[in-house]
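In terms of full-length UniProt numbering, the sequence shown opens at residue 1 and continues consecutively.
Note that the Cβ used here is the ideal one computed from N, Cα and C, for glycine as well.
Worksheet for the structure shown next.
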Amino acid sequence: MLKTPRLSFAKYKEVVDIPPLIAIQEDSYEWFLQQHVDSNKRKPQGLQQVFSETFPIADFNNRVVLEFIGYTLGETKYTEEECRDRDVTYGVPLRVKLHLINRQSGEIREQEIFMRDMPLMTKRGTFIINGAERVIVSQLHRSPGILFSYDSQEKLYSCRLIPYRGAWVEFEIDSNNVINVRLGRKRKLPATILLKAMGYSATGEIIKLFYPDIKSLPVDEKLLEMRLVEQLKFGSIVFPIGTRITMAVIEQLQEAGVAEVKALSIEATILLNTLEKDNSVSTDDALLRLYAVLRPGEPLTQDNAKQAFEKLLFDPERYNLSEIGRYKINQKLNLNIPLDQWILTHEDIIESLKYLIKIVLKEGEIDDIDHLGNRRVRPVGELLQDQLRIGFSRLKKSIKERMTIQDIETMTPQSVMNIKPVTASINEFFGSNQLSQFMDQTNPLAELTHKRRLSALGQGGLSKERAGFEVRDVHYSHFGRICPIETPEGPNIGLIVSMAIYGKINKYGFIETPYRKVIDGVLTNEFEYLSADKETKCIIAQAGLPTDENGKLLGEVVPARFKDDFPLVPPGQINYAGAALKQIISVSTAMIPFLEHDDANRALMGSNMQRQAVPLLYTQSPMVGTGMEYFVARDSGIVAFADVDGVISRSVATKIILSGDDGKEYHYNLTKFKRSNQATCLHQRSLVKKGDRVTKGQPLSEGTGTQGGELALGKDVLVAFMPWNGYNFEDAIILSERLVRDDVFTSIHIERFEVEARDTQLGPETITRDIPNLGDEAMKDLDNDGIIRIGAFVKSGDILVGKITPKGETELTPEYKLLHSIFGEKIREVRDSSLRMPYGNEGIVIDVKYFSAKAGDDLPAGVDELVKVYVANKRKITVGDKMAGRHGNKGVIAKIVPEAEMPYMEDGTPVDIILNSLSVPSRMNIGQVLETHLGWAAQKLGVKYACPVFDGATEAEIAQELVRAGLPANGKMPLYDGKTGEKFEQEVTVGYIYILKLAHLVEDKIHARSIGPYSLVTQQPLGGKAQFGGQRLGEMEVWALEAYGASHVLQEFLTVKSDDIMGRAKIYESIVKGENASNPGVPESFNVLVHELQGLCLDVKILDKKNRVLEISNMIETRRSQETDKMLRDREMHDLADMG
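If you want it as structure tokens, here you go:
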């Protein structure tokens, strides 16, 4: 059995296999590290390229040179599991072989230097950094190259030359038809200044660059409105270059006997206007003017100006177009410059200006910035390479300085190397980069989608505040490359997207998607990957069009796509056809059956909520799936699949050993009850026994959220779409008690608690059972070392690890000294600093890990011992938990009803879940209803269906399956009220729907506070469950209480329940004593306001009714004495009453 057998409704045969879904991560890091390539055979890419760019390094006097020979990668010190337990990074030692060459003596000193541990990617495409599993999200950024655009508001035509690294060159033609240039976002200058700085100093020379074949024209009326391109001089009359030819000019020329002149038509106006505005006279003058803009305030010298200009655009160290940039410029401007030429050439600048003028004359094409031909992906390897370049440039500077200081005779590669900048840049990249993210491990689908995510944010990308609507919107070039559905709903909408199923990244970083070739209207089984640029030139038919038995497209015309248009064209004109119907969408969206019947907004919610599904204790793959469930399980890494055919030689709880037919043994380690990043439970169990025969690709184990080698995030439950006593109003959900009793939606959550014993200034902290002022009951589950035993049930406040910390020594009394001398250490001053179970948590201790510096464990500086306690908590479904289907149909459980009271069918079967029928029509997610019908047929027939996206079951096929199962064809049946036994008036839609339990669990959110911590400044309670905070009483809540006239309640809220320090202490006292509450005092926020105003040098005084100045401190004292008097009077009255 390779995978769960499913009855598929697909009519279209796909010719392209679904590729490995995490290849984007694996391929990129292998490109960067080249781990399995010999050091002398590595290509100049990734890490190797960074070394090659940095070395050789010579000192300032050129006496010594440090050369790079190669790097080697060692073996890992710990396994992945050990790295997680010990909170260390999973990596391999990086060693670099260097030669230090003394140029004076010719001596070569060779040394291999350990640089640092290089983080290594796990088989699942993740990194383990300081014990935490992280993912590097690929960045979608603007491609280097050239872009021509038009701003309709400003009426500006512009051209941008965008390098991979270096200053932007921007040309723009303003409303006066003058070309301006900006270098590195500085002030505008006429563009011809740049040409003059490049050496084209004569005006005639510049005109020739643009118009090489200027012919002499006869002087007559045809020259009207043309411009002269040569200077003409007749005695005192001078016609400069650019003179507009009028009738008067023609007459003067004819009088002077000029027969022919060189002139250009109106199209040359732009260039001539620019030359007119440009008042620089030579190359040197142009350079100085540029330098004044580039470095304002610096002394203007010819050498400085030339050097700055050359460095800005023509120095490979400062300016880098990259191969992609060069390729894009060549492609746009039709140039043949070699792809390894990564700096700008004169030809690039001249041709850019020519094309810009063409665009104004409507002869060229404006670029679409949001087209995927102009946006590319930077995966993990490239992102890390860029980060390392920064570290290596600092390293180079440091090495040069050290070479200058040190003595040549004793200098070695080791002595000049300072690896701190490189270490810092790697740590910064993995630790604090916006694209290095804590992996979403809620379930296998969440893990997989996180690795396939593309983000437009991050360093060198956009920011969500500045990103407009256009960059977030769906674009026609996204087809088959980026999913139009899966994206977050908040401020990141459209900026964080998911790659489509078949998308792959080419060597330039552009996303490609496969298409079937169509030759003379015949669909072939050959396919080709096309980038968005190549696709722009092709006419493409959709997948699934009807063909005859030979693959010939039927019909005189067929629907097709060309750029953003959808023409009907004859089959002979079609170049390609779609490779698969689901190629447009991402993995998560392809898991939604009947997606084509759901509104896109709800499909988006469905895609996102599947990632939030909590893996359940008892898993079940959906009866109505899409066929993608197997591929998600395959590439998530949670299921072990057989590598070869063979026989199982050993199968135990933690390991499977397969003896392959090729004579080798294959070991598969199984994870048992481990905590994921999101505190869900990672667990694998074996599906095979010793002696079983297995075939290649067969699932050997079942993991979290999978069943039978398929993804299984929720449960199929019997649903009725009907209102029920108002309990399912507004998307609320009603559940049967059976789902709680039978643990249908029960999940396991594992929390980790840790404590460190440090060496303090007053002495070392100790992990011990001997804790002061604690009885035996509190320590009943602690072992002799003070650590909780595995299997103990713990709740809020219970001790997990006993720990004592030395207190500051105070002056000892004689009695204390005597006790100290009798009992020794036992009586010393220590305080209880034990690790206790936090508020709101409970569970069973499933694992304890102990690390000690004495035993040789790697612990942070100053830490002697470290204990980690893992507590598992079994959570049943409860009122307040959030649940959802796969179609964006979400809701919160409002009531859990006894099984006997639920509506039941004619055969007595009660339904499991009641959804409100009003939640379907306005949401337009009809997919859930079709799924309900087909799910009912699947349950009755005992089969599982595959309904691929856009190729699923039709309504007629669903009705047919219902009839085959002996069910009503309309999917409705009469139901009976569980309380009264009466039949409901209307028939109800009943069936099986796949429901997920989401990670928003009420147990994590429910919270109550009596007294707790207060803010230091305002003295108001803190906010939030984590801080054990109070509930906020905002402006609108105050209005509500004011509207009811509840003045005393409102006063209590604003004073004694919040920041009246005296009042809250007194109210507690009066509650304890059973007395009436005293009058509220002055809130602390009033004092804060007074001090704030005093801080602004405003004299604030508080006056009483008679305009006498009151001191706040006096007010508090007065109130305190009044309350004391009242208390004494009450006591006297009480005593008199007793005497009476």
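Taking the alpha carbon of residue i as the point to measure from, which residue in the options has its own alpha carbon closest?
i: residue 618; options: 1016, 790, 482, 875; result: 875
i: residue 171; options: 600, 188, 945; result: 188
i: residue 519; options: 800, 539, 326; result: 539
i: residue 251; options: 537, 157, 237; result: 237
i: residue 215; options: 639, 505, 58, 262; result: 262
i: residue 128; options: 217, 162, 76; result: 76
i: residue 993; options: 1081, 935, 70; result: 935
i: residue 551; options: 1102, 13, 1110, 1092; result: 13
i: residue 727; options: 9, 880, 137; result: 880
i: residue 302; options: 282, 349, 321; result: 282
i: residue 103; options: 139, 143, 59, 68; result: 59
i: residue 671; options: 990, 661, 752, 703; result: 703
i: residue 471; options: 142, 325, 988; result: 142
i: residue 157; options: 145, 1015, 177, 166; result: 177
From the DSSP output, in three-state form, read off residue i for me.
i: residue 707; result: strand
i: residue 291; result: helix
i: residue 1018; result: coil
i: residue 2; result: Since pLDDT at residue 2 reaches only 46, below the 50 mark, its modelled position is unreliable, and the value read off the structure follows with that caveat. It is coil, neither helix nor strand.
i: residue 921; result: coil
i: residue 233; result: strand
i: residue 483; result: coil
i: residue 396; result: helix
i: residue 864; result: strand
i: residue 357; result: helix
i: residue 538; result: coil
i: residue 630; result: helix
i: residue 591; result: helix
i: residue 329; result: helix
i: residue 1160; result: Nothing about residue 1160 can be reported from this structure: the residues present for the chain run from 1 to 1140 only.
Report all residues from its chain with a CB closer than 8 Å to the CB of residue i; omit the five preceding and five following residues, and keep chain order.
i: residue 415; result: 402, 406
i: residue 1100; result: 1090, 1093, 1094
i: residue 568; result: 557, 558, 559, 560
i: residue 463; result: 457
Who are the Cβ neighbours of residue i in its own chain at under 6 Å, not counting the five residues just before and after it?
i: residue 198; result: 346
i: residue 17; result: none
i: residue 1080; result: 1051, 1055, 1056, 1060, 1063
i: residue 148; result: 159, 359, 366, 367
i: residue 606; result: 592, 886, 887, 888
i: residue 51; result: 68
Any Cβ of chain B within less than 8 Å of the Cβ of residue i?
i: residue 1090; result: The question asks about chain B, but that chain is absent: this structure has only one protein chain.
Output needed for residue i: all residues of its chain with C-beta closer than 7 Å, excluding positions within five of it in sequence on either side, in chain order.
i: residue 1; result: Unreliable placement is indicated for residue 1, whose pLDDT of 41 sits below 50; no coordinate value is reported for it.
i: residue 902; result: 736, 910, 911, 978
i: residue 436; result: 134, 136, 429, 430
Answer yes or no: the CB of residue i versus the heavy atoms of the ligand FMN, is any distance below 7 Å?
i: residue 733; result: Annotation note on the ligand FMN: not contained in the displayed structure, which lists no ligands.
Runs of beta strand (DSSP E) wholly within the region 779–834 (minimum 3 residues, chain order):
For secondary structure counted as the beta strand (DSSP E) over 3 or more consecutive residues, the region 779–834 holds these complete runs in sequence order: 793–795, 799–801, 803–806, 830–832.
Would you call the region 672–681 and the region 950–960 touching, i.e. three or more CB-CB distances under 8 Å?
Two segments are said to touch when three or more pairs of C-beta atoms, one from each, lie closer than 8 Å; by this definition the region 672–681 does not touch the region 950–960.
Report yes or no: do the region 717–732 and the region 889–902 share at least 3 C-beta pairs separated by less than 8 Å?
Touching, yes, given that three or more Cβ pairs across the two stretches are closer than 8 Å.
So, does the region 134–150 touch the region 442–453, judging by three or more C-beta pairs under 8 Å?
Touching, yes.
If we count Cβ pairs, one from each stretch, closer than 8 Å, do we get three or more for the region 907–922 versus the region 769–788?
Touching, no, given that fewer than three Cβ pairs across the two stretches are closer than 8 Å.
Is the region 462–470 in contact with the region 424–442, if contact means three or more CB pairs nearer than 8 Å?
With a cut-off of 8 Å, the region 424–442 and the region 462–470 do not count as touching, because too few Cβ pairs lie within range.
Whole beta strand (DSSP E) elements within the region 116–146, 3-residue minimum:
Fully enclosed beta strand (DSSP E) runs of 3 or longer: 127–129, 132–136, 138–142.
Mind listing, in chain order, the continuous beta strand (DSSP E) runs of no fewer than 3 residues lying wholly within the region 139–213?
Those beta strand (DSSP E) runs which fall completely within the region 139–213 and span 3+ residues are 145–151, 156–162, 169–173, 179–183.
Examine the Cβ distances between the region 41–49 and the region 78–92 and report whether three or more of them are shorter than 8 Å.
The region 41–49 vs the region 78–92: no contact.
Considering only residues of the region 38–78, which uninterrupted alpha helix (DSSP H) runs meet the minimum length of 4 residues and lie entirely inside it, listed in chain order?
Within the region 38–78, complete alpha helix (DSSP H) segments of at least 4 residues are found at 46–54, given in chain order.
In chain order, each alpha helix (DSSP H) run of at least 4 residues that lies wholly inside the region 417–461
Restricting attention to alpha helix (DSSP H) runs no shorter than 4 residues, the region 417–461 encloses them at 420–432, 444–451, ordered along the chain.
Touching or not, the region 387–404 and the region 487–497, by the rule of three or more beta carbon pairs under 8 Å?
With a cut-off of 8 Å on Cβ pairs, the region 387–404 is not in contact with the region 487–497, counting fewer than three such pairs.
Taking contact to mean 3 or more Cβ pairs, one atom from each stretch, closer than 8 Å, check whether the region 866–873 and the region 736–752 are in contact.
Touching, per the Cβ criterion.
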